[in-house]
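When we follow our numbering, the leftmost residue of the sequence shown carries the number 171, and every step to the right adds one. From the three backbone atoms N, C-alpha and C, an ideal C-beta is built for every residue, glycine too. Quantities reported herein were computed from a predicted structural model and do not represent experimental measurements.
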Amino acid sequence: MRIETILKRIFNNWPAKVLSLAMALLLLIFHDFTRLEERFITVPLEVRLSEELVPASAYPQQVRLRLRGESEQVFRIVEDDLQPHIDLRRYSSEGEYRVPVMVQRSGIAAEPGTLEISVEPEMIVIRLEEKAVKSVEVIANTSGFVPGGYELERTIMTPSSVEIEGPRSRIEGLEQVRTEDVDLANRREDFTERIRLVSPDPLVRFRGGNIVEIRGIVEESVILQTFEPVDLVVSALDPRFSLEEELPAGLIRAQARQVDIEALGPGDLQLAIDASPVSESGVIRLPVRPVVPAGFVVLRYEPTSIQLAVREQAEREEE
């Protein structure tokens, strides 16, 4: 009799009781829902590979994670607590594969709780190729110019070659790699710098690191130049004598630094004639010697000698 009474009470007005229970469940779910916080973070994607194969197609370097859970846990999570990765170690032959992005939890993210994690993108399509290794030449990449009067005679790279590795198809055609720009402006003396290498392809990496040393040898520019006309200048002529004819112009071919050539002034280059041997009127052949500033190397000059027609002043007055 007691059981019948209990059952009768339970099923009495049962639609209202079911509706009340459903409402209570909905309120509980809504309460839990409103307590959950949502947060988005972007973290690097780790690619786990075998020793023989490497990626041969572009893939995302980062993924976006959606965190949902109690605020106390969600906002205490740091980037290092989550490690998204794709595992390609099980593949042993070249080809294109579609793999899921997995998220490994640690730290606060691994603590018990209501934390939900979703990742964008969820799947990644990637092509794998055989890993190739090759030694290539290092070339210095320069920009600008050394100041006028100077020249970059040569560059010395240490090391002169580096090893690169990457997918077979990307490595095969590479013979050299270049450095970042080395600015030559205001370089008036030798210099040594450490500088980065520029990767020729995002999927190619440098096995020994991407830092090399460049040594630049800067020298003053040396120029060969012919100067003409150059004045012939007579010196040490006895005041009793004068020249009968006007002297011709000559030329000097010399080697000098560009800065010294640019600094030349009027009269700095001459062809000198020592007239001290003149002792009587007439024609006399005298040697000619070049007179140039310090630092000039004379390679040739004309004339090397000249005939001077001289006449004593007294003879002119008698006429």
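Ranked by how close their Cα comes to the Cα of Pro-291, the residues Ser-475, Leu-373, Ile-256 have Ile-256 in first place. Residue burial annotation: Gly-283 is exposed, with fewer than 16 other C-beta atoms found within 10 angstroms of its C-beta. Secondary structure of Ala-280 (DSSP, three-state): helix. Rounded to the nearest whole angstrom, the C-alpha separation of Ser-446 and Asp-408 is 7 Å. In the three-state scheme derived from DSSP, where H, G and I count as helix and E and B as strand, Arg-459 is classed as strand. Per DSSP, the unbroken alpha helix (DSSP H) holding Ser-339 starts and ends at 338–341.
Straight across, the Cα-Cα distance linking Phe-466 with Val-388 is about 20 Å. Tyr-320 is not a Cβ neighbour of Glu-264, given a cutoff of 8 Å. If you look at Ile-211, you'll find it in the beta strand (DSSP E) that goes 206–214.
In the DSSP assignment, the residues bridged to Thr-312 are Val-352.
By alpha-carbon distance to Ser-276, the top candidate from Leu-252, Ile-296, Val-462 is Leu-252. Around the CB of Pro-460, 16 or more other CB atoms lie within 10 Å, so the residue is classed as buried. Looking at the DSSP output, Val-404 bridges to Ile-443. Below 8 Å, too few C-beta pairs join the stretch 264–274 and the stretch 302–312 to call them touching: fewer than three. A straight line joining the alpha-carbon of Pro-214 with that of Glu-286 spans about 19 Å.
Here Ala-226 is not bridged, per DSSP, to any residue. Taking every protein chain shown into account, the CB of Leu-439 has 16 or more other CB atoms within 10 angstroms, so this residue is buried. With at least 16 other beta carbons inside 10 angstroms of its own, Val-448 counts as buried. Separation of the CB atoms of Ile-476 and Val-462 is rounded to 18 Å, and the pair is thereby denied contact status at 8 Å. When the Cα atoms are used, Gly-437 and Gly-318 turn out to be separated by approximately 24 Å.
Shown here, Ile-247 sits in coil according to DSSP, grouped into three states, outside any helix or strand.
Put simply, the stretch 393–402 does not touch the stretch 350–368. Fewer than three CB pairs are less than 8 Å apart.
Pairing Ile-278 with Arg-246 gives a Cβ-Cβ distance under 8 Å.
By the CB criterion at 8 Å, Thr-349 and Val-382 fall inside the cutoff.
Of the residues Pro-230, Leu-223, Glu-249, the one whose Cα lies closest to the Cα of Arg-259 is Leu-223. Excluding its 5 nearest sequence neighbours in each direction, Arg-427 has C-beta neighbours in its own chain below 8 Å: Gly-319, Glu-390, Ser-391, Val-392, Ile-393, Gly-465, listed in chain order.
Secondary structure of Glu-432 (DSSP, three-state): helix. In the structure shown, Ser-412 falls within a strand segment according to DSSP collapsed to helix, strand and coil. Of the candidates Arg-423, Gly-378, Ala-479, Ala-479 places its Cα closest to the Cα of Glu-415. When DSSP states are grouped into helix, strand and coil, Ser-241 belongs to the helix group.
Rounded to the nearest whole angstrom, the C-alpha separation of Val-352 and Arg-364 is 10 Å. Ranked by Cα distance from Lys-301, the options Val-289, Val-295, Glu-335 are led by Glu-335. In the three-state reduction of the DSSP assignment, Gln-231 falls in the coil class. Excluding sequence positions up to five before and after Pro-399, its CB lies within less than 6 Å of the CB of Ala-419, all in the same chain and listed in chain order.
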